[in-house]
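Visitor: Protein chains in written order, with my numbering: chain E, 2 to 111; chain F, 2 to 111; chain V, 2 to 111; chain H, 2 to 111.
There are 4 protein chains.
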Amino acid sequence: MVQLQNSQACLEACISCMEACNRCFHQCLSEQNHDELSECIRLDRECADMCAFAVRAIEAESPFAAEICALCAGICEACAKECQMHDHDHCQACAKACFTCAEACRKMAA
Amino acid sequence: MVQLQNSQACLEACISCMEACNRCFHQCLSEQNHDELSECIRLDRECADMCAFAVRAIEAESPFAAEICALCAGICEACAKECQMHDHDHCQACAKACFTCAEACRKMAA
Amino acid sequence: MVQLQNSQACLEACISCMEACNRCFHQCLSEQNHDELSECIRLDRECADMCAFAVRAIEAESPFAAEICALCAGICEACAKECQMHDHDHCQACAKACFTCAEACRKMAA
Amino acid sequence: MVQLQNSQACLEACISCMEACNRCFHQCLSEQNHDELSECIRLDRECADMCAFAVRAIEAESPFAAEICALCAGICEACAKECQMHDHDHCQACAKACFTCAEACRKMAA
Numbered sequence: 002m003v004q005l006q007n008s009q010a011c012l013e014a015c016i017s018c019m020e021a022c023n024r025c026f027h028q029c030l031s032e033q034n035h036d037e038l039s040e041c042i043r044l045d046r047e048c049a050d051m052c053a054f055a056v057r058a059i060e061a062e063s064p065f066a067a068e069i070c071a072l073c074a075g076i077c078e079a080c081a082k083e084c085q086m087h088d089h090d091h092c093q094a095c096a097k098a099c100f101t102c103a104e105a106c107r108k109m110a111a
Numbered sequence: 002m003v004q005l006q007n008s009q010a011c012l013e014a015c016i017s018c019m020e021a022c023n024r025c026f027h028q029c030l031s032e033q034n035h036d037e038l039s040e041c042i043r044l045d046r047e048c049a050d051m052c053a054f055a056v057r058a059i060e061a062e063s064p065f066a067a068e069i070c071a072l073c074a075g076i077c078e079a080c081a082k083e084c085q086m087h088d089h090d091h092c093q094a095c096a097k098a099c100f101t102c103a104e105a106c107r108k109m110a111a
Numbered sequence: 002m003v004q005l006q007n008s009q010a011c012l013e014a015c016i017s018c019m020e021a022c023n024r025c026f027h028q029c030l031s032e033q034n035h036d037e038l039s040e041c042i043r044l045d046r047e048c049a050d051m052c053a054f055a056v057r058a059i060e061a062e063s064p065f066a067a068e069i070c071a072l073c074a075g076i077c078e079a080c081a082k083e084c085q086m087h088d089h090d091h092c093q094a095c096a097k098a099c100f101t102c103a104e105a106c107r108k109m110a111a
Numbered sequence: 002m003v004q005l006q007n008s009q010a011c012l013e014a015c016i017s018c019m020e021a022c023n024r025c026f027h028q029c030l031s032e033q034n035h036d037e038l039s040e041c042i043r044l045d046r047e048c049a050d051m052c053a054f055a056v057r058a059i060e061a062e063s064p065f066a067a068e069i070c071a072l073c074a075g076i077c078e079a080c081a082k083e084c085q086m087h088d089h090d091h092c093q094a095c096a097k098a099c100f101t102c103a104e105a106c107r108k109m110a111a
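What follows is the structure, encoded as structure tokens:
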């Protein structure tokens with residue numbers, strides 16, 4: 002029961018995080034000066050892809066779901082820490098979604 | 002304004018359709034006899050991937066978003082028609098999500 | 002026979018193009034001033050994803066392979082034209098791979 | 002130098018493995034009786050996606066490339082062991098590509 006709740010929460014967090022990363026990626030590239038946003042842009046792409054992969058694993062009840070979520074937690078946290086350093090609204094929103102997803106993925110992986 | 006509403010509706014329909022296809026894919030393969038579900042399984046995978054790609058295009062305000070959604074509408078409709086022929090709950094649910102997504106994608110592409 | 006040759010050529014072109022786009026994406030973001038490379042970075046990501054999707058369609062003998070390759074041709078051409086405008090070696094290499102892939106995809110789609 | 006060689010070898014192994022999994026997925030679903038191939042079909046999809054993700058990580062020199070390859074090694078090995086149990090040529094070819102990729106990914110992750 003707890004496992005099912007964790008799974009559903011993790012799924013929702015991964016989808017929200019994927020969306021926040023996709024939007025932050027696009028908006029970073031729309032900023033006038035995005036030289037300092039390189040790592041943010043890179044991590045946004047990787048984190049969005051990782052979350053999409055985790056979603057498929059959870060929905061397919063993959064035997065690797067826990068391991069995939071453990072890796073996803075690490076990538077989400079790195080993306081959150083990078084985004085957090087930038088004042089843009091999209092970076093702050095992305096950081097928040099990434100931290101939430103990292104926590105949900107850690108519970109799922111436990 | 003209408004465009005923005007179409008875009009948001011299309012985004013939500015693509016995410017729901019992606020999820021329904023992922024679940025139907027997994028559940029088709031869990032059926033005791035899934036020989037007759039081959040096309041359903043194939044289309045579930047392709048449709049889930051197509052929807053995920055459309056989501057990225059919409060969220061990145063891609064200049065190809067309309068063309069991508071036009072293609073997505075075609076794949077969703079094919080998946081819907083295939084799923085509709087099978088009585089399993091997951092196939093019926095998937096057919097519904099695919100038809101909804103096909104319509105939202107057609108509006109987005111218009 | 003011609004169709005099989007087109008299919009194999011298209012597959013190889015899509016994989017090479019995907020790789021060139023992935024590398025160009027990374028190297029654009031490593032340039033000291035990448036403000037003028039925004040469109041390049043965006044299109045690199047979209048084109049890499051599109052090529053990966055086309056690869057799956059060809060290898061799965063998807064009934065949508067021709068339509069997917071037609072769309073892929075358009076995205077490859079846009080990416081090629083953008084990359085071509087930048088002097089960096091990775092942009093020039095990417096432009097070349099994208100033009101080759103666009104042509105192979107058009108033959109596949111025909 | 003050794004690291005660069007490992008990276009290039011891993012990249013090539015991941016692309017070959019992705020292709021073998023895509024083909025095995027399609028051909029499993031084309032077999033007359035694919036009830037016993039369920040796990041093979043599931044793992045083919047997951048392994049193809051995992052390899053595509055690893056390719057992007059290697060080509061983007063991601064700080065997570067080693068961790069991603071470690072996970073990829075595990076999924077490749079599971080897919081190899083499953084495919085190995087089936088006599089179909091595509092399953093045997095896929096098993097071989099998966100074992101090769103698992104080994105290349107382990108070296109990359111080390």
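Beta carbons: idealized from backbone N, C-alpha and C, even for Gly.
Counting only C-beta atoms, is V:Ser39 closer than 7 Å to chain F at any point?
Guide: Taking the first residue of the third sequence as 1, we reach residue 39 of chain V at position 38. No, V:Ser39 does not count as interfacial toward chain F.
Visitor: How many Å lie between V:Cys18 and V:Ser31 at the Cα?
Guide: Within the third sequence, residue 18 of chain V is the residue found at index 17, counting from 1. Within the third sequence, residue 31 of chain V is the residue found at index 30, counting from 1. Distance between the alpha carbons of V:Cys18 and V:Ser31 is about 20 Å.
Visitor: Note the first and the last residue of the continuous alpha helix (DSSP H) segment covering F:Phe54.
Guide: Position 53 of the second sequence, counted from the start, is the residue given in the question as residue 54 of chain F. That run of the alpha helix (DSSP H) goes Ser39 to Glu60.
Visitor: Can you tell me which of the three DSSP states E:Phe26 falls into?
Guide: For this step, residue 26 of chain E is matched to residue 25 along the first sequence. Residue state, collapsed to three classes: helix.
Visitor: With DSSP as the reference, label F:Glu32 as helix, strand or coil.
Guide: Counting from 1 along the second sequence, the entry for residue 32 of chain F is found at position 31. In this structure, F:Glu32 counts as coil in the three-state DSSP scheme.
Visitor: Beta-carbon of F:Asn1 versus every beta-carbon of chain E: anything under 7 Å?
Guide: This structure cannot settle anything about residue 1 of chain F, because the visible part of chain F is limited to 2 through 111.
Visitor: Would you say the region 54-69 of chain H touches the region 89-97 of chain V, given that touching needs at least three Cβ pairs under 8 Å?
Guide: no
Visitor: Suppose you measure from the CA of V:Pro64 to the CA of E:Asp90; what does that come to, to the nearest Å?
Guide: Along the third sequence, one-based indexing puts residue 64 of chain V at 63. Along the first sequence, one-based indexing puts residue 90 of chain E at 89. V:Pro64 and E:Asp90: Cα-Cα distance of roughly 43 Å.
Visitor: Work out the CA separation of F:Glu20 and H:Arg107 for me, nearest whole Å.
Guide: Within the fourth sequence, the letter at position 106 stands for residue 107 of chain H. Within the second sequence, the letter at position 19 stands for residue 20 of chain F. Their Cα atoms are separated by approximately 32 Å.
Visitor: Using 7 Å as the threshold, is the C-beta distance between V:Cys15 and V:Asp45 below it?
Guide: The residue you call residue 15 of chain V lines up with position 14 of the third sequence. The residue you call residue 45 of chain V lines up with position 44 of the third sequence. No. Outside cutoff.
Visitor: Within its chain, find whatever has a CB closer than 6 Å to the CB of V:Cys80; leave out the 5 residues flanking it on each side and keep chain order.
Guide: For the purposes of this step, residue 80 of chain V is taken as the residue at position 79 of the third sequence. Cβ within range, chain order: Leu44, Cys48 and Cys99.
Visitor: Mapping DSSP to helix, strand and coil, what is V:Phe65?
Guide: Reading the third sequence from its first residue, position 64 is the one you call residue 65 of chain V. Coil, per DSSP.
Visitor: By the criterion of Cβ-Cβ separation under 9 Å, what are the contact partners of V:Leu72 in chain B?
Guide: Considering every chain present, this structure includes no chain B. Its protein chains are E, F, V and H.
Visitor: Roughly how many angstroms lie between the CA atoms of H:Thr118 and H:His27, to the nearest whole one?
Guide: Given that chain H is displayed from residue 2 to residue 111, the structure contains no residue 118 of chain H and the question cannot be resolved.
Visitor: Decide if V:Met86 is buried, meaning its Cβ has at least 16 other Cβ atoms within 10 Å, or exposed.
Guide: Taking the first residue of the third sequence as 1, we reach residue 86 of chain V at position 85. With fewer than 16 Cβ atoms within 10 Å of its Cβ, V:Met86 is classed as exposed.
Visitor: Could you spell out the range, first to last residue, of the alpha helix (DSSP H) harbouring E:Met109?
Guide: Within the first sequence, the letter at position 108 stands for residue 109 of chain E. It spans Asp90 to Ala110 - the alpha helix (DSSP H) in which E:Met109 sits, taken as one unbroken run.
Visitor: Around the Cβ of E:Ala111, are there at least 16 other Cβ atoms within 10 angstroms (buried) or fewer (exposed)?
Guide: Here residue 111 of chain E refers to the residue found at position 110 of the first sequence. The residue is exposed, with fewer than 16 neighbouring Cβ atoms inside 10 Å.
Visitor: From the beta carbon of V:Asn23, is the nearest beta carbon of chain H less than 7 Å away?
Guide: Start at 1 with the first residue of the third sequence, and residue 23 of chain V comes out as number 22. At a cut-off of 7 Å between C-beta atoms, V:Asn23 counts as an interface residue with respect to chain H.
Visitor: Just to confirm, are F:Cys11 and F:Ala105 a CB contact at a threshold of 7 Å?
Guide: As a position in the second sequence, residue 11 of chain F is number 10, starting the count at 1. As a position in the second sequence, residue 105 of chain F is number 104, starting the count at 1. For F:Cys11 and F:Ala105, yes; Cβs fall inside 7 Å.
Visitor: Identify, in the order they occur along the chain, each residue of the same chain with its Cβ nearer than 6 Å to the Cβ of H:Asn7, setting aside the five sequence neighbours on each side.
Guide: Within the fourth sequence, residue 7 of chain H is the residue found at index 6, counting from 1. Taken in chain order, the residues that qualify are Lys108 and Met109.
Visitor: Got a sec? Which residues, its chain only, sit under 8 Å from F:Ile42 by beta carbon, not counting five neighbours each side?
Guide: Start at 1 with the first residue of the second sequence, and residue 42 of chain F comes out as number 41. Only Phe26, Cys29, Leu30 and His35 meet the Cβ criterion.
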